[in-house]
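Residue numbers (this note's numbering): 624 to 871.
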């Protein structure tokens with residue numbers, strides 16, 4: 624099975640750690656978070672992996688080479704000249720991912736104990752175009768899902784802004800979830816993705832929202848798993864403590 628890891632981020636919220644290294648190389652209990660994501664993906668059967676790079680990208684390339692790609696088939700999608708964001712990054716890696724089978728996309732700064740193979744199987748059975756890991760947690764911006772966990776729109780609770788165009792998130796009793804940085808994508812999405820914008824750099828989340836009434840975008844809401852977004856020093860500390868205890 625195939626996977627893509629987003630490892631190109633600037634990691635500005637983790638400065639000064641990321642002043643001299645990519646965010647994906649920041650250690651969590653002795654291991655770079657990228658290594659943890661690769662090993663976790665491999666554990667669940669994802670052995671063909673695309674890793675995109677930008678910020679200090681050569682450090683990631685050298686790290687993977689020195690460790691023999693941790694025994695996996697890893698391809699580098701090189702964005703060092705232009706950071707393409709998540710949507711542009713997926714589209715740039717299409718030639719390695721578009722083989723007719725669904726693939727998983729995983730942020731390098733998301734560490735989780737979620738059963739990724741169960742999520743993949745759920746996606747395949749549901750015949751969705753994309754399955755997003757989502758969770759009920761406090762934020763200002765929510766993805767809105769109907770009772771069948773199908774994405775219907777998005778709302779910014781602070782400003783009242785909604786998407787897609789013409790959608791009002793106040794008129795129905797939608798479920799409000801936050802995106803968890805892990806998603807399963809079917810290649811059926813690529814045709815719509817390539818026609819979404821003329822810009823090379825764009826985010827995948829607005830695409831999901833704007834195309835949610837044309838594509839089957841579903842939420843995945845499992846229980847009993849740990850999840851860490853290592854984008855801030857506070858959550859890095861929490862993850863360090865969790866993995867140190869788990870691996871004693």
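Glycine residues also receive a C-beta, built at the ideal position from the N, C-alpha and C atoms.
Same chain only: Cβ atoms within 6 Å of residue i, ignoring 5 sequence neighbours per side
i           : result
residue 783 : none
residue 677 : 631, 702, 703 and 706
residue 764 : 779
residue 825 : 708, 710 and 711
residue 760 : 801
residue 777 : 766, 786 and 832
residue 845 : none
Residues that residue i bridges to, as DSSP identifies them
i           : result
residue 654 : 651
residue 765 : 778
residue 730 : 629
residue 841 : 754 and 773
residue 700 : 675
residue 808 : 726 and 753
Alpha-carbon to alpha-carbon, residue j and residue i
i           : j           : result
residue 799 : residue 721 : 31 Å
residue 729 : residue 629 : 6 Å
residue 738 : residue 659 : 14 Å
residue 758 : residue 702 : 30 Å
residue 789 : residue 684 : 44 Å
residue 662 : residue 865 : 17 Å
residue 725 : residue 741 : 13 Å
residue 691 : residue 670 : 13 Å
residue 732 : residue 749 : 27 Å
residue 679 : residue 851 : 23 Å
residue 751 : residue 657 : 28 Å
residue 791 : residue 801 : 18 Å
residue 640 : residue 654 : 15 Å
residue 699 : residue 675 : 6 Å
residue 836 : residue 775 : 7 Å
residue 736 : residue 862 : 12 Å
residue 805 : residue 682 : 24 Å
residue 803 : residue 743 : 15 Å
residue 645 : residue 633 : 7 Å
residue 823 : residue 711 : 6 Å
residue 719 : residue 626 : 10 Å
Proximal residues to residue i (C-beta, below 8 Å), its chain only, five neighbours per side dropped
i           : result
residue 870 : 652
Collapsed DSSP secondary structure at residue i in the structure displayed
i           : result
residue 735 : strand
residue 785 : strand
residue 798 : strand
residue 852 : strand
residue 746 : helix
residue 710 : helix
residue 634 : coil
residue 723 : coil
Residue-level contact to chain C via CB, residue i, 8 Å cutoff
i           : result
residue 797 : Note that chain C does not occur in the displayed structure, where there is just one protein chain.
Sequence-distant residues of the same chain with beta carbon closer than 7 Å to residue i, five excluded per side
i           : result
residue 668 : 624 and 740
residue 636 : 854 and 855
residue 746 : 725, 754 and 807
residue 723 : 810
residue 714 : 816 and 817
residue 820 : none
residue 697 : 672, 674 and 687
residue 830 : 710, 816 and 819
residue 867 : 652
ask   = Can you give, in chain order, each stretch of the beta strand (DSSP E) that sits fully within the segment 659 to 687 and has at least 3 residues?
value = Qualifying beta strand (DSSP E) stretches, in chain order: 671 to 676.
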